[in-house]
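As given, the protein sequences belong to chains A and B, one line each in that order.
If you count the first sequence from 1, you need to add 1 to reach the numbering used here.
If you count the second sequence from 1, you need to add 7 to reach the numbering used here.
Think of the CB as a built atom: it goes at the ideal place given N, C-alpha and C, for glycine as much as any other residue.
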Amino acid sequence: MRTGTERWTVEVDEAILGRNAQFAATNRERFGTLGLRVINIASSPGSGKTALLERTLNELAGELRIGVIVGDLQTDNDARRLGDKGAPVVQVTTNGYCHLEASMIAQAMAELDVEKLDLLIIENVGNLVCPASFDLGEAERVVLISVTEGEDKPLKYPVIFEKADAVVITKIDMTEAAGIDIDVLRDNVRRTAPRARLLELSSRSGEGFGGWLSFLGRSASAT
Amino acid sequence: MHEGSIVESALEIVFRHMEAESAERVSAIGLRVGALAGVVPEALRFAFAALTPGTPAEGATLTIEFLPTRILCAKCGHEGERADFQYECEACGSLETEVRQGRELDVMCIDLCREGEREDANWN
């Protein structure tokens, strides 16, 4: 008999985000059972996520029953901005977390009357990096990029663009003032997000907004 | 900077296996990180160094296997690596390509250890 250190290796082969993936799968199953379409919107801070939602809720009031979950590091300013549109809004304050996780969505859903909704829009924390790694159980991911951010934003933050089902170029009323070559931006989106649908709009002027509303399910006859 | 929560999740997995194996310490951890996982290996190392002191993984070696993105062209069948996060087929220019590798983010293997008294070939 002697004293010693026993050493051995264990093959683990487990997904690090497996727990988040489990929560996301549970959310997805629940959304499926409810027949609820869920869209996860990500962008840099200031690309116009909340402005897009403000106009969307106004335009689709009485037509689609929309619920909103909005994530921010601090404050409930966004929920207050969106709160008077007649749609239920739940603010998730992440207290420093740079992204939403699937478990936070499961919790926030308890505050929504999900059976009564046609569409749930999740406004992720303003960040083009971290939200890319966390599946929330959504049906579609939408990435916003404003013309003021420059043509090469998709090339700088490619991971989130690769996962996008739709990319929305926002603030197109400012294209000239921003001095941006929008064709270069379009081409960069196409290269980094080849499968994504490309939409262009201004939430302020309303230009191009019809395309977004039909993406969300407004029938052609309503536009 | 979500590497902190990634390392926390990885350590949860590691310690679960450590307990299941009745081990006392973890001496090495091997991770697999794809180029599209959205995780920076250096930030993982930083978070690992910050989060492990005082845990059974203190001082453990962290090995990160980095996997480049590989795409397969649906049009011409060419498969190749892309380092630039663009998805055009290098052979034919088509954008109808599929990511075959690069999304991985896994705990691959861990080395465990335990002190004790026994005659055994594995002991030293």
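In terms of beta-carbon proximity, B:Phe92 lines the interface with chain A, with at least one pair separated by less than 8 Å. Classified as buried, A:Asn128 has 16 or more neighbouring CB atoms from the shown chains inside 10 Å of its CB.
With fewer than 16 other Cβ atoms from the protein chains shown falling within 10 Å of its own Cβ, B:Cys99 counts as exposed. Spatial neighbours of A:Cys99 in its own chain (CB-CB distance under 7 Å, excluding positions within 5 residues in sequence) are listed in chain order as Val126, Asn128, Cys131. A:Ala179 places its beta carbon less than 8 Å from that of A:Val148. With a threshold of 16 other beta carbon atoms within 10 Å, A:Lys164 meets it and is buried. In the three-state scheme derived from DSSP, where H, G and I count as helix and E and B as strand, A:Asp14 is classed as strand. One finds His9, Ile13, Ala44, Gly45, Val46, Leu112 in chain B with Cβ atoms closer than 8 Å to the Cβ of A:Ser134, taken in chain order.
As computed with DSSP, B:Asp118 is found in a beta bridge with A:Thr10, B:Ala35. Within the stretch 13-29 of chain A, Val13, Asp14, Glu15, Ala16, Ile17, Leu18, Gly19, Arg20, Asn21 place their CB atoms closer than 8 Å to a CB of chain B, listed in sequence order.
Contact of A:Arg191 with chain B by beta-carbon distance below 8 Å involves Leu102. Under the three-state reduction of DSSP output, A:Asn78 falls in the helix class. Burial of A:Asn21 is indicated by the presence of at least 16 other C-beta atoms within 10 angstroms of its C-beta. The alpha carbon of A:Ile173 has as its nearest neighbour, out of A:Ala140, A:Phe210, A:Val190, A:Val143, the alpha carbon of A:Phe210.
The Cβ-Cβ distance between A:Ala194 and A:Ile40 does not fall below 8 Å.
One finds Arg192 in chain A with Cβ atoms closer than 7 Å to the Cβ of B:Glu95, taken in chain order.
Going by DSSP, B:Ser16 is part of the alpha helix (DSSP H) stretching over 10-27. Inclusion of A:Val93 and A:Leu83 in the CB contact set at 8 Å is not warranted, their separation being larger than that value. The way I'd put it, the stretch 71-86 of chain B does touch the stretch 103-110 of chain B; three or more beta-carbon pairs between them come closer than 8 Å. Per DSSP, reduced to three states, the secondary structure at A:Gly84 is helical. The beta carbon of A:Gly49 lies closer than 7 Å to those of Leu145, Ser147, Thr171, Lys172, Ser204 in the same chain, with the five residues before and after it left out. Between A:Leu61 and A:Leu217, the gap from beta carbon to beta carbon is short of 8 Å.
Contact annotation for B:Ile71 against chain A: no contact, minimum CB-CB distance about 12 Å [criterion: below 7 Å]. If the five residues before and after A:Val190 are omitted, its C-beta is found closer than 8 Å to the C-beta atoms of Ile146, Pro155, Phe162, Val168, Ile170, Ala197, Leu199, all from its own chain and listed in chain order. Residue pairing by DSSP places B:Phe73 opposite B:Val40 in a beta bridge. For B:Ala17, the neighbours in chain A by C-beta distance under 7 Å run, in chain order, Ile17. Restricted to the stretch 125-171 of chain A, the alpha helix (DSSP H) segments that are unbroken, complete and at least 4 residues in length are 154-157, 159-163, listed in chain order. When 7 Å is used as the limit between beta carbons, A:Val130 is near these residues of chain B: Gly45, in chain order. For A:Asn96, there is no enclosing beta strand (DSSP E), as DSSP gives it neither H nor E. If you check the CB distance, B:Leu58 and B:Leu18 come in under 8 Å. The Cβ atoms of A:Leu214 and A:Glu208 lie no closer than 8 Å to each other.
The Cβ atoms of B:Cys116 and A:Glu102 lie no closer than 8 Å to each other.
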